[in-house]
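**Q** Could you have a look at this structure, given as structure tokens, before my questions?
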Amino acid sequence: MSKILSTSHFIKGKKADSLGKQVMESRAGNLLSQGGYLKPCSEMTRKERNRIRMTSKLFPKISGRILDVGSFDARVSNSLNQESVNLDLVKEHLKMSRGQRVQGSATHLPFKKNSFQGVICTEVLEHLSDLDLRKATLEIQKVSREHILASVPFEEELFRHVRRCKFCNTYSHPYGHLQSFSTRDLLDLFEEYQPVAISYIGRNPTGCRRIWKAMASAGVFLPIVHGKCPRCGKTSQKKEVGHYLINFIYLIDFLIRFLWIVLGVVKPNWVAVLFQFDKSSKPPS
110 MSKILSTSHF IKGKKADSLG KQVMESRAGN LLSQGGYLKP CSEMTRKERN RIRMTSKLFP
170 KISGRILDVG SFDARVSNSL NQESVNLDLV KEHLKMSRGQ RVQGSATHLP FKKNSFQGVI
230 CTEVLEHLSD LDLRKATLEI QKVSREHILA SVPFEEELFR HVRRCKFCNT YSHPYGHLQS
290 FSTRDLLDLF EEYQPVAISY IGRNPTGCRR IWKAMASAGV FLPIVHGKCP RCGKTSQKKE
350 VGHYLINFIY LIDFLIRFLW IVLGVVKPNW VAVLFQFDKS SKPPS
């Protein structure tokens, strides 16, 4: 049995470690927000299928329409078998989904107040800047009448993943993540809604956290060797020193992560929360 799920511990814990954002601002400037250097995979892995299954379980069967914000290929809303409207910023993503499709931004939802019985927003909020995050959560609360289902990576250590392009000195995350959330962070986003269900999904050993943290604190970031820089489109050659360095660090990280798995010391990959509108209730303390 993993030493992972003590719900009260996760909820009462402090806000997510802000080192990643602090380092980006002091050492690298703001992360490039126009996506990451790796493209999202449309083929679902076993890990991804489990995330969708566990996330979908939280959402109740309702009679009205639901809105899937940042739907990608609508893999979550499709699994619910309910009438849905899929919204995504990228037109190519919408082509992969079925049903009603709308191209638009989470920060300016093109719908009237209380247009939907429920809103789904999974694996989206971590891609937004602080300002856009505030705008998006207000928009989601505006268009939803009753339910909001939100999920994010759980306490992601941004400093582990950021890479530097040696050609244009751009710092980016492989999937364009700009935020890290604890359960408390996620609960605080939707002020007019009360959490009614929380699910922790996946098993994620921490790896050699101290090495990554020390490197980030010193302003040392590995080069992009898998994928292209989202700004200039270039990538380092695989035979360069940086490639061997990153593989060596990944090897150490893999061995430590394997040890933690054996010992059962892991944390969730994601946290998903179902919120229900309750104007009389106060935000959870």
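Just so we're aligned: the sequence shown equals residues 110 to 394 in this note's numbering.
Built from N, CA and C at the ideal position, the CB exists for glycine as well.
1) Any idea what DSSP makes of Tyr302, helix, strand or coil?
2) Does Ala381 come out as helix, strand or coil in the three-state DSSP assignment?
3) Terminal residues of the continuous alpha helix (DSSP H) containing Ser326?
4) Return the CA-CA distance between Gly208 and Val178, expressed in angstroms with no decimal places.
5) Which of the three DSSP states is assigned to His256 in this structure?
6) Look up Phe386 in the DSSP assignment and give the residues it is bridged to.
7) Going by beta carbon distance, what residues of the same chain come within less than 6 Å of Glu192, once the five residues before and after it are set aside?
8) Sort Leu331, Leu218 and Arg366 by Cα distance to His282 and report the nearest one.
9) For Val329, count the other beta carbons within 10 Å of its own beta carbon; 16 or more makes it buried, fewer makes it exposed. Which is it?
10) Kindly provide the ranges of any alpha helix (DSSP H) runs that are 4 or more residues long and lie completely inside the segment 180–237, ordered along the chain.
11) Report the three-state DSSP secondary structure of Val371 (helix, strand or coil).
12) In angstroms with no decimal places, state the Cα-to-Cα distance between Asp239 and Ser172.
13) Residues in its own chain within less than 6 Å of Pro304 by CB, not counting five upstream and five downstream?
14) Rank Gly373, Leu189 and Leu354 by C-alpha distance to the C-alpha of Ile161 and give the top, closest one.
15) Less than 8 Å between the CB atoms is what I'm expecting for Val380 and Phe263, so what's the real figure, rounded?
**A** If we stick to the structure as given:
1) strand
2) strand
3) Arg318 to Ser326
4) 14 Å
5) strand
6) Tyr302
7) Arg174
8) Leu331
9) exposed
10) 184–189 and 200–203
11) helix
12) 34 Å
13) Leu296, Val382 and Phe384
14) Leu189
15) 4 Å
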